[in-house]
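Q: One structure, as structure tokens, below. Some questions next.
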Amino acid sequence: MKRALVCGAGGFIAGHLVRRLQREGYWVRGVDIKQHEWSPNAADEFIQLDLREAENCRKALALPGVAFDEVYQLAADMGGMGFIHSAECEIMHNSALINIHMIHNATEIGVPRYFFSSSVCVYRDMQPGEREMTEAEAIPAHPDNEYGWEKLYAERIAEAYSRNRGIQVRIARFQNCYGPEGTWRGGREKAPAAICRKVAEAEDGGTIEVWGDGSAVRSYTYVDDMVDGIYRLMQSDMQGAVNIGCLEYVTVDELVKTVIEASGKEIHMKHVAGPVGVQSRNFSNERIYSLGWKAQHYLKDGIGHTYPWVEQQVLKAQARKVLPKTVL
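Here's what the structure looks like:
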């Protein structure tokens, strides 16, 4: 039985990854600074640790007499566009520490294979209609934000350890992942979850605010598809960064309309000023396609799974506010 360490297992994508690895027959240890809110007992073993500390990385990696077969490094300080623009120092400081300490200590104890979760935020801004950008075109670098710069730096660290120390590294650049069990409130949520929340909270016939003019173009990848891409990449011999994303590109307004349709409500949009990121990104997925991967969920289908889950969380939160406290 293979042994896997999943860093960031208290979070969204890594939480789904834990369950996928278990279905594939792995023994999985999860580690994070927090427990998983929705599936706290998913991993075979879970250790709550702050991976910014080198000693905690060593504790996470410690197994009696053996090393983990695979380490999946998804731990990061991150959030939606509002958080990315307001917490640049925290993102760069915290995530850089995690990535430096984890790859170093994994290499020191002889972990043979290591996964790092990067992002398409490493790429420059693009205009609609530009040809697809390949992985190699991240250099020369011009990311739009500090989150992208930190991801690119962490990629370079992992690749250096691979060249100089021999650890097998796999790097995936994620495109806007969404789905059930993702952060849906509090400022760290991504656009699909934020819009689902706004629509769920709105009265039928009401209005929600949308940052920007709604014309920015994005690709959104459902979490099950993303996890499948991670798994296929780790089982392969493919080196270098690999884009993973759905080939369906939509505007932000089209995303909002898809969520409204899933809700069954009549909701109006009001465009307001706010951080929106780049205007467009368009990426080649040929490398991940060569591994037999293809997104199985287009936006309408994925939102059809995601909106009901977010709506359920909104209703639960509203109920907690109005229900009287139990008197013991």
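Each number in the numbering used here corresponds to the 1-based position in the sequence shown with 1205 added. For each residue, glycine too, the CB sits at the ideal point set by N, CA and C.
Going by beta carbon distance, what residues of the same chain come within less than 7 Å of Gly1410, once the five residues before and after it are set aside?
A: Glu1471, listed in sequence order.
Q: When burial is assigned at 16 or more other CB atoms within 10 Å of the CB, is Leu1520 buried or exposed?
A: Label assigned to Leu1520: exposed.
Q: When DSSP labels each residue in this structure, what does Gly1230 get in the three-state scheme?
A: Of the three classes helix, strand and coil, the one that applies to Gly1230 here is coil, per DSSP.
Q: Taking His1452 as the reference, which of Gln1440, Glu1466, Asp1274 and Tyr1427 has the closest Cα?
A: A small fix is needed here, since residue 1452 is Leu in this sequence, not His. With distances taken between Cα atoms, Leu1452 lies closest to Tyr1427.
Q: Does DSSP put Asp1458 in a helix, in a strand, or in coil?
A: Of the three classes helix, strand and coil, the one that applies to Asp1458 here is helix, per DSSP.
Q: Rounding to the nearest angstrom, what Cα-Cα distance links Leu1222 and Thr1412 in this structure?
A: Using only the alpha carbons, I get a separation of about 36 Å.
Q: For Glu1295, which of helix, strand or coil comes out of DSSP?
A: Of the three classes helix, strand and coil, the one that applies to Glu1295 here is helix, per DSSP.
Q: Figure out for me which residue from Cys1294, Asn1299, Tyr1366 and Tyr1358 has the closest Cα to the Cα of Tyr1319.
A: Answer by Cα proximity: Tyr1366.
Q: Quick one: what's got a C-beta closer than 6 Å to Val1532's C-beta in the same chain, skipping five residues either side?
A: In this predicted model, Val1532 has a pLDDT of only 40, less than 50, meaning its place in the structure is not dependable; the value taken from the coordinates is given anyway. Correct list: empty, nothing qualifies.
Q: Determine the extent of the beta strand (DSSP E) in which Lys1475 is found, giving its start and end residues.
A: Where Lys1475 is concerned, the enclosing beta strand (DSSP E) stretches over His1473 to Val1477.
Q: Opposite Cys1382 in the DSSP bridges: which residues?
A: Thr1426, per the DSSP bridge assignment.
Q: If the criterion is Cβ atoms closer than 8 Å, does the pair Asn1146 and Arg1378 meet it?
A: Residue 1146 is absent from the model: the chain starts at 1206 and stops at 1533.
Q: Could you check the C-alpha separation between Gly1220 and Val1276 for me, to the nearest Å?
A: Cα to Cα, the separation comes out at about 14 Å.
Q: If I measure Cβ to Cβ from Pro1333 and keep anything under 6 Å in the same chain, skipping five residues before and after, which residues do I get?
A: Excluding sequence neighbours, Pro1333 sits near Val1422 and Ser1485.
Q: Measure the Cβ-Cβ separation of Leu1226 and Val1236 and say whether it is below 8 Å.
A: No.
Q: Rank Ala1267, Leu1256 and Ala1214 by C-alpha distance to the C-alpha of Pro1245 and give the top, closest one.
A: Checking every option, the nearest Cα to that of Pro1245 belongs to Ala1214.
Q: Answer yes if the segment 1337-1356 comes into contact with the segment 1386-1402, meaning at least three C-beta pairs across the two stretches below 8 Å, and no otherwise.
A: In short, these stretches do not touch, since the Cβ pair count stays below three.
Q: Return the chain-ordered list of same chain residues with a C-beta closer than 8 Å to the C-beta of Glu1335, the five sequence neighbours on each side being excluded.
A: So the qualifying residues of the chain are Ser1485 and Asn1487.
Q: For a quick check, are the C-beta atoms of Leu1279 and Val1211 less than 8 Å apart?
A: Yes.
Q: Smallest Cα separation from Ala1446: which of Ile1362, Thr1511 and Gly1479?
A: Measuring from the Cα of Ala1446, the nearest candidate turns out to be Ile1362.
Q: With distances taken Cα to Cα, identify the nearest neighbour of Ile1344 among Glu1250, Glu1337, Arg1329 and Ala1407.
A: Nearest of Glu1250, Glu1337, Arg1329 and Ala1407 to Ile1344, Cα basis: Arg1329.
Q: If the criterion is Cβ atoms closer than 8 Å, does the pair Gly1285 and Lys1462 meet it?
A: Contact flag unset, no.
Q: Could you tell me which of Arg1208, Gly1384 and Ser1300 sits nearest to Trp1243, measuring between CA atoms?
A: It is Gly1384.
Q: Under the three-state reduction of DSSP, which class applies to Ala1280: helix, strand or coil?
A: Of the three classes helix, strand and coil, the one that applies to Ala1280 here is coil, per DSSP.
Q: Starting from the C-beta of Ile1289, find all residues in its chain whose C-beta is less than 6 Å away, skip the five residues before and the five after it, and write them out in chain order.
A: Answer for Ile1289: Asn1350 and Tyr1352, listed in chain order.
Q: State the DSSP-derived secondary structure class of Met1443, mapped to helix, strand or coil.
A: DSSP places Met1443 in coil when its eight states are reduced to three.
Q: For the beta strand (DSSP E) containing Val1415, list its first residue and its last residue.
A: Looking at the DSSP string, the run of the beta strand (DSSP E) that includes Val1415 is Thr1412 to Trp1416.
Q: What does a CB cutoff of less than 6 Å around Asp1430 pick up in its chain, not counting 5 residues either side in sequence?
A: For Asp1430, where only same-chain residues beyond five positions count, the Cβ hits under 6 Å are Ala1500, Gln1501 and His1502.
Q: According to DSSP, simplified to helix, strand and coil, what is Val1316?
A: Reduced to three states, the DSSP call for Val1316 is coil.
Q: Do you know how far the Cα of Ala1247 is from the Cα of Met1439?
A: For Met1439 and Ala1247, the distance between alpha carbons rounds to 21 Å.
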